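J.: According to our numbering, the residues represented by the sequence shown are 6 to 227, in order.
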Amino acid sequence: MPTLTHARPSPFTFDAAHTALIVIDMQRDFVEPGGFGEALGNDVSLLASIVPTVAQLLGHARERGWLVVHTRESHAPDLSDCPDAKRLRGAPSARIGDMGPMGRILVRGEPGNAIVDAVAPVAGEIVIDKPGKGAFYATRLGEELARFGITHLVFAGVTTEVCVQTSMREANDRGYECVLIEDATASYIPSFKTATIEMIRSQGGIVGWTATLADLVESRWN
Ligand code: TIU
């Protein structure tokens with residue numbers, strides 16, 4: 006079976022037939038100016054910088070025939086799935102549901118809610134709309150992964166310490182063996198990315214493993 010020999014805290018072995026790539030929230034709302042990320046006061050260029058690496062990772066997963074899942078953080082147009090506890094946080098000038106330069110912020114179907122072109126889903130890939138930070142909360146993700154007999158998950162996307170980490174923790178609690186691709190994830194706050202990677206792999210891999218895209222590509226020959 007393929008092994009990421011340089012993964013940390015230890016080599017990560019996976020069964021390719023039961024592995025899925027989960028790309029979290031690579032949406033215009035987070036990656037491009039004018040969306041939710043910028044409305045929260047963030048510099049979105051840090052997130053845009055990983056798009057080529059995520060595209061390479063997607064190409065690799067497609068070549069290896071893995072199941073590919075994309076998530077989108079999004080809310081129904083009537084915001085019935087967006088509690089005030091979420092909607093009223095952040096910058097009061099531009100809340101979830103308000104009109105922005107890319108349409109209504111974080112609302113399903115709006116231009117800003119789309120996944121950026123360079124890493125967009127292709128036919129046969131699963132797209133999960135999620136109202137929370139975690140990909141399993143109030144979604145069909147668990148059922149989809151069970152349907153395909155998935156046991157191992159490779160994570161990428163944004164942001165490292167919010168939706169990626171939450172989803173990885175949810176997956177870990179559900180019994181999936183998870184690895185985060187370090188150079189295919191980003192945060193608006195670089196020190197939070199570093200801390201998240203360290204906490205995931207601490208204590209013997211308390212939430213899972215971390216590895217680089219190069220480690221993953223190399224594992225093809227193991
Ligand atoms: N604000 C922030 O860092 N992230 C989010 O709100 N959502 C995701 O991480 N996708």
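For glycine and all other residues, C-beta sits at the position ideal for the given N, C-alpha and C.
Remember, predicted model here, so these are calculated numbers, not experimental data.
Assuming I194 is part of the beta strand (DSSP E), what are its boundary residues?
T.: Counting along the chain, I194 falls outside any beta strand (DSSP E), and DSSP gives it neither H nor E.
J.: Look at the Cβ atom of P106, then the Cβ atom of G39, and state whether they are nearer than 8 Å.
T.: Result yes, Cβ atoms of P106 and G39 sit closer than 8 Å.
J.: Look at the Cβ atom of A25, then the Cβ atom of L150, and state whether they are nearer than 8 Å.
T.: Against a cut-off of 8 Å, the Cβ pair of L150 and A25 comes out as a contact.
J.: Pick from K198, D188, L51 and F197: whose alpha carbon is nearest that of D220?
T.: Ranking K198, D188, L51 and F197 by Cα distance to D220 puts D188 first.
J.: Once DSSP output is grouped into helix, strand and coil, what is the label at R77?
T.: Three-state result, R77: strand.
J.: Please determine whether the Cβ atom of I186 lies at a distance below 7 Å from any heavy atom of the ligand TIU.
T.: No, the beta carbon of I186 sits no closer than 7 Å to any heavy atom of the ligand TIU.
J.: For the ligand TIU, enumerate in chain order all residues having a CB closer than 5 Å to any of its heavy atoms.
T.: For the ligand TIU, the selected residues are D30, E78, T164, V167 and C168.
J.: Where in the stretch 42–118 do unbroken runs of the beta strand (DSSP E), each at least 3 residues long, occur, reported from the N-terminal end onward?
T.: Runs of the beta strand (DSSP E) inside the stretch 42–118: 72–78.
J.: Whether or not the stretch 115–122 and the stretch 137–150 are in contact is what I'm after, with contact meaning three or more pairs of Cβ atoms, one per stretch, closer than 8 Å; do they touch?
T.: Verdict: no, contact absent.
J.: Given that a residue counts as buried once 16 or more other Cβ atoms are within 10 Å of its Cβ, and exposed if not, what is R225?
T.: It counts as exposed.
J.: Helix, strand or coil, according to DSSP, for H11 in the structure here?
T.: DSSP places H11 in coil when its eight states are reduced to three.
J.: Would you say F160 and I29 are within 8 Å of each other, going by their C-beta atoms?
T.: A contact, by the Cβ cut-off of 8 Å.
J.: Is it right to say D34 is buried, meaning 16 or more other beta carbons lie within 10 angstroms of its own, or is it exposed?
T.: Buried, by the Cβ-count rule.
J.: One question on the structure: do L242 and L218 come within less than 8 Å of each other, judged by their Cβ atoms?
T.: The shown model of the chain, from 6 to 227, leaves out residue 242, and the question about it has no answer.
J.: Over what stretch of residues does the alpha helix (DSSP H) that includes A219 continue unbroken?
T.: It spans L218 to E223 - the alpha helix (DSSP H) in which A219 sits, taken as one unbroken run.
J.: Put F5 into one of helix, strand or coil per three-state DSSP.
T.: Lying outside 6 to 227, the shown extent of the chain, residue 5 is not represented and no answer is given.
J.: Pick out whichever of P14, I110 and Q170 has its Cα sitting closest to the Cα of A96.
T.: Comparing Cα-Cα distances from A96 to each of P14, I110 and Q170, the minimum goes to I110.
J.: Which residues share a DSSP beta bridge with C168?
T.: In the DSSP output, where bridge partners are listed per residue, C168 has none listed.
J.: One question on the structure: do V302 and A53 come within less than 8 Å of each other, judged by their Cβ atoms?
T.: Residue 302 falls outside the range modelled here, since the chain spans only 6 to 227, and no answer is possible.
J.: Quick one: Cα of A200 to Cα of T10, how far?
T.: Their backbone Cα atoms lie some 22 Å apart in a straight line.
J.: Tell me which residue opens and which closes the beta strand (DSSP E) that A161 is part of.
T.: It spans H157 to V163 - the beta strand (DSSP E) in which A161 sits, taken as one unbroken run.
J.: When the Cβ atoms of the stretch 190–204 are set against those of the stretch 155–175, are three or more pairs found closer than 8 Å?
T.: Touching, yes.
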